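Residue numbers (my numbering): 2 to 348. Backbone N, C-alpha and C define an ideal beta-carbon position, used for all residues, glycine too. On a predicted model such as this, the values are computed, not experimentally measured, just so you know.
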Ligand SMILES: [Zn+2]
Ligand SMILES: [Zn+2]
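What follows is the structure, given as structure tokens:
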């Protein structure tokens, strides 16, 4: 490479990123050298990255051994900017989504049995590899998804985790006709719309007294909305807990019909208080959902447009990642926070 071109690329080849240097500290704006995609990888110019509750758990140290320093963020939507060697699946300029599941080993008993979400040696975007609170990210092409059908990158970003994990939780809930959603944030507001499309009745539980969130839930098709301290008007076939509050497990169990199921959709939850066996008896179940498989993403990204899913988003400039995290922590958001690099704002 000749010298002027080399120098031009060196000055152009930098990006802004919000970096977690130490657990419990605010993210710090840094300028970094653009990452280069390795074999099988793509580099993406980020248009939008939604903020997930899991990002809070990473920043707070609720999850063990994050990569440090770390660029968080795992609900990435962007445009393919450079291909590593041996990438046949994408072309430069194509819009893609990059979710939490960044890589799996392909060899362990879980990978071999269609449960790559439980892989023994996984890599997670924005946790054990750098994520999307930046202008660019590199991802394993085999774990990225075409978003050619999605015209609005900001609207699509919350689908990449709130949507995908919400979808996996909904599948885990089974054939439930009457379904309770506990915690009406980013995931529930997407899944409520899928439930309505599937003909299920949604009962939405919010923080006690949060009438705004309850009105929001009703506007998205919930047949009933109330505080988590209230009883629904009917017994539920299943309940999905998106709020990271262990005390809601016995609460939800008490609302279930015989044979009903409580699905815990979060990656982390406060301790579950002890409860009498009789509220679990009669074949009620408590299950958890972990991560996602690539098939979950294929299924959900096909269904979301059919179901007419729309997302409520609040945009923040990339540099305001700490404010977005604070607003999520305080429950000030209706829908999902989405970080947009300044270049993406203009488009
Ligand atoms: Zn594996
Ligand atoms: Zn997430």
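The nearest non-hydrogen atom of ligand 1 is less than 8 Å from the C-beta of residue 123. The straight-line gap separating the alpha-carbon atoms of residue 27 and residue 18 is approximately 13 Å. Rounded to the nearest angstrom, the gap between the Cα atoms of residue 257 and residue 302 is 30 Å. If you check the CB distance, residue 74 and residue 109 do not come in under 9 Å. The beta carbons of residue 267 and residue 242 sit closer together than 9 Å. Taken through DSSP and simplified to helix, strand or coil, residue 261 comes out as strand. If the five residues before and after residue 54 are omitted, its C-beta is found closer than 6 Å to no C-beta atom of its own chain. Beta-bridge partners of residue 199 (DSSP): none assigned. In the DSSP assignment, residue 287 falls within the beta strand (DSSP E) that extends over 286 to 289. Judged by their CB atoms, residue 183 and residue 206 are nearer to each other than the 9 Å cut-off. Between the segment 144 to 157 and the segment 289 to 302, the count of C-beta pairs closer than 8 Å reaches three or more; the two stretches touch. Inter-segment contact for the segment 124 to 141 and the segment 52 to 70 is present: three or more beta-carbon pairs are separated by less than 8 Å. For the options 38, 317, 284, 255, the alpha carbon positioned closest to that of residue 232 is the one of 255.
Beta-bridge partners assigned by DSSP to residue 31: 18.
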